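Notes follow once the structure below has been shown.
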Amino acid sequence: MTKNKTVVNVCMGTGGMASGGAEVLQAFRAELEAAAFPAEVKEHCLAHRVGCRGLCAKDVLVDVLTDGSVTTYQFIKPDMVPRIVTEHIIGKTPVAEWQVGEDYENFHQKQVKIVLSDCGKIDPEDPDDYHAVGGYGTARDVLTEWLPGEVIEEIKASGLRGRGGAGFPTGLKWELGRKARGDIKYIICNADEGDPGAFMDRAVIEGNPHAVIEGMIIAAYAIGAHHGYVYIRAEYPLAVERLKLAIERARRRLFLGRNIFGTTFDFDIQVKLGAGAFVCGEETALIASIEGQRGMPRPKPPFPVNKGLWQRPTVINNVETLANVPYIMRRGYQWYASHGTERSRGTKVFALTGKIKNPGLIEVPMGITLREIIEDIGGGIEGGKKLKAVQTGGPSGGCIPANMLDINVDYESLAKVGSIVGSGGMIVLDEDNCMVNMAKYFIQFTQEESCGKCVPCRIGTKRLLEIMERITKGQGKEGDLELLDTLSNSIKVTSLCGLGQTAPNPVLSTLKYFREEFEAHVRDKKCPAKVCKDLITYSIIEGACKGCGACLRACPAGAVTGEKKKPHKIDPDICIKCGACFEACKFKSVGRD
Amino acid sequence: MARITINGKTIEVADTATILQAAKLHKIPIPTLCHHPKLTPFGGCRLCIVEVKGMPKPVTSCTTTVGNGMEITTSSPYLQELRKTVLELILSDHPNDCMICEKAGDCTLQNLAYDYGIRENRFQGERRTYAKRDNNPFVERDLEKCILCGRCVKACDEIQGVEAIDFGYRGFNSKICTSYEQDLDCEFCGQCISVCPTGALTGKLWIRKGRKDHQEEVDTICTYCGTGCTITAHVKDNEILKITSKEQTMNEGWLCVKGRFGYRFVNSPERLTRPLIKRNGAFEEASWPEALDHVAKRLVEIKAGYGADAIGGLSSARCTNEENYAFQKLIRAGIGTNNVDHCARL
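Note that the protein sequences, when read in sequence, are chains A and B.
First residue of the first sequence: 2, per our numbering; consecutive thereafter.
First residue of the second sequence: 7, per our numbering; consecutive thereafter.
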């Protein structure tokens, strides 16, 4: 960010770290230190760690900012660093073959970055970096120039809705929090992101924890809270570390604590680690957990906004919701509301995963079509396969079939087809995915994560899972699908909290759009996608087998027998159906039925 | 006060009342399992769901406070179907061995199954099985019969303040357990047994002693202390089989370990039923007039011989205040000494 200097930004989000980001950063620092023109390079070149850049599939991503232009490299390993330093940083000629390609451009082109705008650009561990791009200045302006009521009006006008899944209008929640009677109030940031395949909040906190802190300061000011909690899962060690560091450093700069920004307003934040229960993302369970009790939801009303933590009025906002706040306050509600649709304003961060060419973290305007996300941003389906469905909203969400790809991604449109925006998980499924198996997976997840308090969730999801299990094992019975339907609807209506009320969604939506696949399992005892092990058999196609022995060597169970150059055989009694022979055969002579 | 309509009938209730409380007050039945009037609402069994006009889906009447103008339906084919599904789910994870269950005839779950006519169950599957037996002396815990209504947990916490048990584990494997699943080692007040709606918790003292039928219930007062809790002795063939206490008593149905479990002295052969006077180094049976005359005579003799201060009186915490008052009067005014004390100070 310093003018006339060369800056190297190394992606060190979870994806970047996993791909060796720390080693790459180290290599850059060492190489720059030992470079041919030490004085010049050392003084003028900084190597930074930055948070998630979104396109985790291409990690480690490295930006080289020099002479006012940015060059991005992909798949960087430590041994590639010397050449970049010599040719590009010193020699001023970028290494063309390591630069990102069209994919990278397309990935970013249709995205609109608000929450993620500073992620991947600033050092998440350095508040001055965030300060330099306007961070914390907004909170200072708000605290010194705005009245709390005006802040609430601004957020209401922006149309920001809760990004944790339910989409409750944030401004309205704050207003209720402000009006709630009580001298002590709390603001809680819900960072207990638990949906399988979702990593939005993690990336935001890892990439720019300061935006969340600043959002909390503004929220606290608006509702009149002097104490905040971030409830974050312990399974996010990097996010926890960066968040704690950010809070500590913000305190040192008097952005947190007593009389923050020189005003009379006091506000501080405490970090509370979750112990891995999915249900603690539910707000009343989260409150119970902070209070030191077992994370179990309680019926609402009373809503936390009236009786929350320690029975005091409590506003709970999701990470992404809070991270939006500083940007809205900085640039105005009109700017924010200009993105998105009439009822779903702004942008939404999604974790795009599954059978997609470019999995990663994306931020798109609400109302973008699913097709644009899959085809333009995600680059289509991996390996030239056919798209089958997109699962949104994780275990609480549903599946959207391929023929509905032109649907707009916003709260209302997704709800209409039986899915939800949810917290932002987006799993792409292709023809090799079995929808029954997929629904079974999610039910298994919710069953294991049920707190056990209410009957429909504790026993109902167990029975759902058992029915799904027998269907995938070829033991499905006549009437099972109807029973699934009845039970699912009953669980939805009678469960106590959001976990149980939404748990049957994956079953219901797949039952709705992929009923023939269920029927194939139940009636024909076949898995069309060839996923359910009990419904497939592997055999050698006699005429095609060349007797190369690849399958024999690959088989871990010793089920394949045969002499060299003669057709082999698979013993179905020994075969464990792992598919290793199928993968190993170069002549397509292993049959899977 | 709030004016509400339940099943077409308009009634007035305090605006702090829950729908369930309002309905109970007006004798409108709503099935419940986890609810207990003396404990905070739990909302776990989902049986007390009712429809409220304007609300998108049924709400639990035990946790929903009434509001002016609320229109409530407590029974409809839709609600009955939902309740039946919940009951079937509970019964699909229940031993259903009512024939040999201690609780049969007095079991809320059994009564509900009867009310809803559940014989066939659409849901079948794995049932929780527990091999471990709790070796504590008083509380038989059969967790396979536990429906996780949480009443025992709340009674232990909210009434007794002991917190000996809580929910453990997750999902289908959730269960009520002690810390580290050790044997129960608490005050053994047995409050948990008294609130259990199924046969999951039973007093070890009355197992296999007979079920509710053929027992006579005799209300009496506990003799252990001056609190004077009202207890109900369940009697068969002139033997106390168990002690319970009713909710409408001054002790609200709660008892302590002595009141609930300390009744076996009644039929003990060692129990003193007549006064004994020690003569020539051995106790001999005597009549009450004989014994009282003996005591009075000796007190007069001692006072005359050694003075009043040679006598002291010690009374019992098992006596009432009135009895204790009379006793100290006897010692102070009758005998003339201040040497009087009470075992509760020891």
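Backbone N, C-alpha and C fix where the C-beta goes; we use that ideal spot for every residue, glycine too.
All of these numbers come straight from a predicted model, not from anything done at the bench.
Roughly how many angstroms separate the alpha carbons of residue i and residue j, rounded to a whole number?
i	j	result
Ala-530/A	Thr-184/B	46 Å
Trp-336/A	Lys-349/A	15 Å
Gly-342/B	His-348/B	17 Å
Pro-303/A	Ala-220/A	21 Å
Gly-384/A	Leu-244/A	38 Å
Phe-194/B	Arg-157/B	16 Å
Glu-150/B	Arg-459/A	15 Å
Asn-490/A	Arg-299/A	21 Å
Val-152/A	Pro-210/A	21 Å
Ala-206/B	Asp-225/B	25 Å
Met-2/A	Asp-407/A	In this predicted model, Met-2/A has a pLDDT of only 43, less than 50, meaning its place in the structure is not dependable; the value taken from the coordinates is given anyway. Cα to Cα, the separation comes out at about 40 Å.
Ser-290/A	Val-320/A	18 Å
Glu-253/B	Gly-163/A	46 Å
Leu-39/B	Ile-171/B	19 Å
Thr-171/A	Asn-325/A	11 Å
Leu-190/B	Ala-286/A	27 Å
Cys-455/A	Gly-480/A	26 Å
Ala-1/A	Val-9/A	No information on residue 1/A is available, as it lies outside the stretch 2 to 594 that chain A covers here.
Leaving aside the five residues before and after residue i along the sequence, list all residues of the same chain whose C-beta is less than 8 Å from its C-beta, in chain order.
i	result
Asp-21/B	Met-7, Ala-8, Thr-71, Val-72, Gly-73, Asn-74
Lys-4/A	With a pLDDT of 49 at Lys-4/A, under the threshold of 50, the modelled position of that residue is not reliable, and the figure given next carries that caveat. No residues qualify anywhere along the chain.
Under the rule that 16 or more other beta-carbon atoms within 10 Å means buried, what is residue i, buried or exposed?
i	result
Gly-123/B	exposed
Thr-46/B	exposed
Phe-271/B	exposed
Pro-125/A	buried
Gly-277/A	exposed
Ile-106/B	exposed
Asp-140/B	buried
Ile-165/B	buried
Ala-581/A	buried
Gln-116/B	buried
Gln-86/B	exposed
Val-306/B	exposed
I want to verify the contact list: residues of chain A whose CB lies under 9 Å from the CB of residue i, in sequence order.
i	result
Val-224/B	None at all; the shortest Cβ gap to chain A is about 37 Å.
Leu-149/B	What Leu-149/B touches in chain A: nothing, since even the nearest Cβ is about 13 Å away.
Asp-219/B	Simply none; closest approach about 30 Å.
Residue i touches chain A at which residues, Cβ-Cβ below 7 Å?
i	result
Arg-63/B	Note that residue 63/B is Lys in the sequence shown here, rather than Arg. Here the neighbours are Val-494.
Asp-172/B	Arg-295
Val-92/B	Val-456, Pro-457, Thr-495
By alpha-carbon positions, which one of the options ends up nearest to residue i?
i	options	result
Glu-126/B	Arg-214/B, Cys-195/B, Gln-188/B, Ser-98/B	Ser-98/B
Met-201/A	Arg-259/A, Val-116/A, Lys-180/A, Thr-511/A	Val-116/A
Glu-132/B	Pro-170/A, Glu-467/A, Gly-395/A	Glu-467/A
Lys-567/A	Glu-543/A, Trp-99/A, Lys-273/A, Leu-371/A	Glu-543/A
Ile-444/A	Phe-178/B, Asp-172/B, Cys-162/B	Phe-178/B
Lys-218/B	His-240/B, Ile-199/B, Cys-228/B	His-240/B
Val-272/A	Val-241/A, Met-297/A, Asn-260/A, Val-280/A	Val-241/A
Arg-214/B	Ala-110/B, Ile-337/B, Asn-13/B	Ala-110/B
Asn-142/B	Thr-208/B, Arg-128/B, Glu-296/B, Val-159/B	Thr-208/B
Thr-91/B	Leu-536/A, Gln-27/A, Leu-66/A, Pro-457/A	Pro-457/A
Gly-379/A	Lys-386/A, Lys-389/A, Ala-97/A, Ile-363/A	Ile-363/A
Apart from the five residues just before and just after residue i, which ones in its own chain have a Cβ nearer than 6 Å to its Cβ?
i	result
Arg-234/A	Asp-193, Gly-275
Arg-250/A	Pro-128
Thr-342/A	Met-367, Gly-368, Asp-411
Pro-505/A	Ser-489, Ile-492, Lys-493
Thr-11/B	Glu-77
Pro-327/A	Thr-139, Ala-212, Glu-215, Gly-216
Gly-258/A	Arg-252, Asp-269
Which same chain residues, not among the five before or five after residue i, have their C-beta less than 7 Å away from its C-beta?
i	result
Met-217/A	Ile-188, Cys-190, Gly-229, Ile-270, Leu-323
Gly-178/A	Lys-186, Ile-224, Val-306, Pro-314, Val-316
By the criterion of Cβ-Cβ separation under 9 Å, what are the contact partners of residue i in chain B?
i	result
Glu-450/A	Arg-176, Gly-177
Leu-274/A	Result: empty, since nearest Cβ-Cβ is about 18 Å, beyond 9 Å.
Anything in chain A within Cβ reach of residue i, meaning under 8 Å, just list it in chain order.
i	result
Arg-52/B	Cys-455, Val-456, Pro-457, Thr-495, Ser-496, Leu-497
At 7 Å on the CB atoms, spell out the chain B contacts of residue i, in chain order.
i	result
Pro-396/A	The contacting residues do not exist; Pro-396/A stays about 13 Å from chain B at best.
Run through chain E and tell me which residues come within less than 7 Å of residue i, C-beta to C-beta.
i	result
Asp-99/B	Here chain E cannot be found, since the structure's protein chains are A and B.
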